[in-house]
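Beneath this line is the structure, given in structure tokens, with notes to follow.
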Amino acid sequence: MARLPSLLLYTIIVFTMIIAVFQASPVYGAGERVVYIDLSQFKFEPGRIVVNRGETVVFKLRSLDVTHGFYIDGYGVDTVVRPGEVVTITITAYQAGKFKIRCSVTCGPLHPFMVGDFVVLDGGLNTPFILSLFALGLVGLLPLIRFRG
Amino acid sequence: MASVSGIKSFFGRLMSMDLLSIPVVRRLVMHRAFQWAVMVPNLIIFWFLITAGFIGSPVGNMNISITFVWMLWWFALIAILVPFFGRAWCTICPLPALGEWLQRGSMVRKPDAWRPRGLNRRWPRRLNNIWLQNIGFLVLASFSALLVTRPIVTAIVLAGLILVATIVMLVYSKRAFCRYLCPVGGFIGLFSNFSSIELRVKDGELCKNHIDKECIRGSDTSFGCPWYEYPGSLVRNAYCGLCFECVKACPFNNIRLNLRGFGRDLIVSRGKGFDEAWKVFIMLALAGVYIVTMQGPWGWIRDLANVFYKPPYGFALAGIDGYLIYLGLVWGSTLLIIPGLFYIFSIASKYLSKTDASASELFKTFSYMLVPLTLMAWIAFSIPILQVNWAYIVNTLSDPFGWGWNLFGTRDIHWSPILPSLIPYEQVAVILVGVFYSIKVGYEMAREKFMEDRALLGYSPYLIFTFLAAIFFIWLFMG
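Residue numbers (my numbering), protein chains in the order written: chain A, 15 to 163; chain B, 1172 to 1650.
Have a look at this one:
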């Protein structure tokens, strides 16, 4: 029984290492993608942006009501979008995975929940998600193997 | 190797340690002033938060009532207090403080020839379950977009809970409010069954043969258990409020407060009921609904939940049709859809295991295996609340009412999430921990419930259900 938490810990460590290796692998794929996003209380439209790793992504941002912020987790993007202006942000999608887009300027009651998704695929695959499912299978089997043994 | 076995031995001893054997801990909880000493500061903080809700800024993240209650307190409760300390929050909870004071007629000391004040009625037998807590929680969940973002709504709810607790405690005996009504107490009790701490008796036989039962009836130094529990038969944490009245009462020093492994109470059969089973499904489904609504990219779902909104921070009823859809999602998923799916899996389990137990019995028993996954889903939901919004907490510490004060020089600290790209990985890791314990607990139930050669087969529908639920959460975080 004492081994079970250790096995769980090892699984999570292996899972994290595999993810790290994938994230550090060379970027391939290129090209530019222009993405138009409308910001309004309390949503980004479209709310889910999917690009390929290595692509240059040009965000064209427009606020439909009050001043909003545009922040992407892990990408160092943080800008203010005022009503009546179009803000252009260009980034290279260098790391794969799912990253939250957040409003960084208090815009109303549900401001902390104004989020969107920025999904960067690796060769068309969401690698961290797939690896998470493998990890799930492994973690799920651990107690069964232990008990069967 | 010697050091490894030494560490294992240390942790082995630690995990079965009786905390009450530590003299300073024992002296602390034995002192009559202990609970008041932890409740009163909390009550003062609560009144401050309620005041801030009424008179402070209507902007949620600029008002301490929102940042302290729904960011700091919520995270501390769900991610630290409940999994590691069970119902420790109930030890310090200020909601019943006023009612208990009026009911006892004393803050600290137990008066001579004491009789409880108020009507001191017995709680109705047919309400001797947590259905009212389930309904109360769902009612609050129906207004969650308002509750967690509008300071005045948070203040009204907190003040309302104190008022209801006080009235109930003046009408009914002991802590009827905490045990049967408190909407927070319901899920704390359920998740406490998973926690790594337990209050139990050292020697059950001693309790059985001791006639006076001071732990229930009280003594010169104790009011007796206010949670309607008999410590001698305590086998689950669900309804032990860790008030330590039994420790003060026991003439034989027969109560222990143990550290233990996670999830032990979930495999205990005694005391389980459909009210608790539904609580599991309410919490599981609501974790999904909240993650979708508050942390998902689907703004139109947020619009459904945010129906009482008039810009910039006013209230107005608009789009009731959409709100009815949201209500349908909250009440339908928690009371019908998820339990209904689990019942279908229970029928499959009965068929595969060839057990004599009914599908309903299996439904009730195995619902508890979902507690670890459900708790972890709530922790995963709570991680970004703190990791992303910590600056709002620090800001409001200096400017609690949003009036422009800068008491500690932290008002202008810029909003900046801590390592936000790691959040999905943390959330998935937490879900994996939940899956691990859910499957472990479920397999122990299967071995107890089914014939040995049919255990794994009978268990397989529940395995599939657990995996599907976990895949759903992982997809929300990472997909």
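A virtual CB, placed ideally from N, CA and C, is assigned to each residue, including glycine.
Computed from a predicted model, the values in this text were never measured in an experiment.
Would you mind reading off the limits of the beta strand (DSSP E) that contains residue i?
i: F84/A; result: 82 to 86
i: R1427/B; result: 1426 to 1430
i: N140/A; result: Looking at the DSSP string, N140/A is not in any beta strand (DSSP E), and its letter there is neither H nor E.
i: K57/A; result: 57 to 59
i: R1473/B; result: It is not in any beta strand (DSSP E) - R1473/B instead sits in the alpha helix (DSSP H) that spans 1470 to 1476.
Please name the residue or residues paired with residue i in a DSSP beta bridge.
i: K114/A; result: D131/A
i: K74/A; result: Y50/A, T102/A
i: V65/A; result: V134/A
i: D1189/B; result: N1429/B
i: R1292/B; result: Y1343/B
Taking the alpha helix (DSSP H) that residue i falls in, what are its first and last residues?
i: V1481/B; result: Per the sequence shown, residue 1481/B should be read as Lys rather than Val. Careful: K1481/B lies outside any alpha helix (DSSP H) and carries neither H nor E.
i: D1583/B; result: From DSSP, D1583/B is part of no alpha helix (DSSP H); its letter is neither H nor E.
i: K1611/B; result: 1594 to 1620
i: D92/A; result: Counting along the chain, D92/A falls outside any alpha helix (DSSP H), though it belongs to the beta strand (DSSP E) covering 91 to 95.
i: L1334/B; result: 1322 to 1342
i: N1305/B; result: 1302 to 1313
i: M1416/B; result: For the sequence presented, residue 1416/B should be read as Glu rather than Met. Residues 1416 to 1420.
i: W1207/B; result: 1205 to 1226
i: K1446/B; result: For the sequence presented, residue 1446/B should be read as Asp rather than Lys. Segment 1445 to 1466, the alpha helix (DSSP H) holding D1446/B.
i: M1649/B; result: 1626 to 1649
i: I1263/B; result: 1259 to 1263
i: V1196/B; result: 1194 to 1201
i: Q109/A; result: Run containing Q109/A: none; DSSP gives neither H nor E here.
i: E1271/B; result: 1268 to 1275
i: S1363/B; result: 1354 to 1363
i: P1254/B; result: 1253 to 1256
* Asked: Between the region 1306 to 1329 of chain B and chain A, which residues of the former have a C-beta closer than 7 Å to a C-beta of the latter?
  -> A1316, T1320, R1321
* Asked: Closer than 7 Å, Cβ to any Cβ of chain B: which residues of the region 124 to 158 of chain A, in chain order?
  -> L124, H125, P126, F127, V129, G130, D131, N140, P142, F143, S146, L147, A149, L150, V153, G154, L156, P157, L158
* To do: For the region 1441 to 1461 of chain B and the region 1302 to 1315 of chain B, state whether three or more C-beta atom pairs, one from each stretch, are separated by less than 8 Å.
  => yes
* **Residues, ordered as in the chain, of the region 92 to 104 of chain A that lie near chain B by beta-carbon distance below 9 Å** => D92
* To do: Pick out the complete alpha helix (DSSP H) segments inside the region 1501 to 1571 of chain B, 4 residues or longer, and give them in chain order.
  => 1509 to 1524, 1530 to 1538, 1542 to 1569
* Taking only beta carbons into account, state which residues of the region 1569 to 1586 of chain B come closer than 7 Å to chain A, listed in chain order. => W1586
* Asked: What residues in the region 1278 to 1303 of chain B have a beta carbon less than 9 Å from any beta carbon of chain A?
  -> none
* Pull out every residue of the region 1463 to 1482 of chain B whose Cβ sits closer than 8 Å to any Cβ of chain A, in chain order. => T1464, M1465, Q1466, G1467, P1468, W1469, G1470, W1471, R1473, D1474, N1477, Y1480, P1482
* Asked: Is the region 1611 to 1631 of chain B touching the region 1495 to 1508 of chain B in the sense that three or more CB pairs, one from each, lie closer than 8 Å?
  -> no
* Asked: Can you list the alpha helix (DSSP H) stretches of 4 or more residues lying completely in the region 1369 to 1401 of chain B, in chain order?
  -> 1375 to 1380, 1385 to 1388
* **Residues of the region 50 to 61 of chain A with Cβ closer than 9 Å to any Cβ of chain B, in chain order** => S54, Q55, F56, K57, F58, E59, P60, G61
* Is there contact between the region 1520 to 1537 of chain B and the region 1191 to 1206 of chain B, where contact requires at least three CB pairs shorter than 8 Å? -> no
* Would you say the region 1327 to 1336 of chain B touches the region 1374 to 1381 of chain B, given that touching needs at least three Cβ pairs under 8 Å? -> no
* Report the residues of the region 1603 to 1614 of chain B with a CB closer than 7 Å to any CB of chain A, ordered along the chain. => L1603, V1604, V1606, F1607, I1610, K1611, Y1614
* Residues of the region 1231 to 1246 of chain B whose Cβ lies closer than 8 Å to any Cβ of chain A, in chain order -> G1231, N1232, M1233
* Asked: So does the region 125 to 135 of chain A actually touch the region 1463 to 1472 of chain B, counting three or more Cβ pairs closer than 8 Å?
  -> yes
* **the region 1180 to 1191 of chain B in contact with the region 1421 to 1428 of chain B per 3-pair CB rule at 8 Å** => yes
* Asked: Should the region 1255 to 1275 of chain B be regarded as contacting the region 1566 to 1583 of chain B, the criterion being three or more beta carbon pairs within less than 8 Å?
  -> no
* Asked: Is the region 145 to 161 of chain A close to the region 1606 to 1614 of chain B, with three or more CB pairs under 8 Å?
  -> yes
* **Sufficient close CB pairs (3 or more, under 8 Å) joining the region 1334 to 1346 of chain B to the region 1229 to 1243 of chain B** => no
* Would you be able to state if there are at least three C-beta pairs under 8 Å between the region 1470 to 1479 of chain B and the region 1551 to 1568 of chain B? => no
* Select from the region 1631 to 1644 of chain B all residues with a C-beta closer than 9 Å to any C-beta belonging to chain A, and list them in chain order. => L1634, T1637, F1638, A1641, I1642
* Please name the residues in the region 1588 to 1599 of chain B whose beta-carbon is closer than 9 Å to at least one beta-carbon of chain A, in chain order. => P1588, L1590, P1591, S1592, L1593, I1594, P1595, Y1596, V1599
* **Touch test, the region 99 to 109 of chain A against the region 68 to 75 of chain A, Cβ-Cβ under 8 Å, three pairs minimum** => yes
* Please confirm if the region 1553 to 1561 of chain B is in contact with the region 1245 to 1253 of chain B, defined as three or more CB-CB distances below 8 Å between the two stretches. => yes
* Counting pairs of Cβ atoms below 8 Å between the region 1294 to 1301 of chain B and the region 1200 to 1215 of chain B, do you hit three or more? -> no
* Asked: Taking any Cβ of chain A, which residues in the region 1482 to 1503 of chain B have a Cβ under 9 Å from it, in chain order?
  -> P1482, P1483, Y1484
* Stretch-stretch touch, CB-based, cutoff 8 Å, three pairs: the region 1398 to 1413 of chain B with the region 1362 to 1376 of chain B -> yes
* Note down, in chain order, all residues in the region 1535 to 1560 of chain B with a beta-carbon under 9 Å from any beta-carbon belonging to chain A. => P1555, I1556, V1559, N1560
* Can at least three beta-carbon pairs, one atom from the region 1591 to 1608 of chain B and one from the region 1263 to 1281 of chain B, be found at a separation below 8 Å? -> no
* Asked: With a cut-off of 8 Å, do at least 3 Cβ pairs link the region 1503 to 1519 of chain B to the region 1475 to 1486 of chain B?
  -> no
* According to a CB-to-CB cut-off of less than 9 Å, which residues of the region 1356 to 1383 of chain B neighbour chain A? -> none
* To do: Scan the region 1201 to 1226 of chain B for residues whose Cβ lies nearer than 9 Å to a Cβ of chain A and list them as they occur along the chain.
  => none
* For the region 62 to 78 of chain A, enumerate the residues whose C-beta is nearer than 7 Å to any C-beta of chain B, in chain order. => R62
* Is the region 1533 to 1553 of chain B touching the region 1357 to 1365 of chain B, taking contact as three or more C-beta pairs under 8 Å? -> yes
* Asked: When you check each C-beta in the region 106 to 120 of chain A against every C-beta of chain B, which residues fall closer than 9 Å?
  -> Q109, G111, K112, F113, K114, I115, R116, S118, V119, T120
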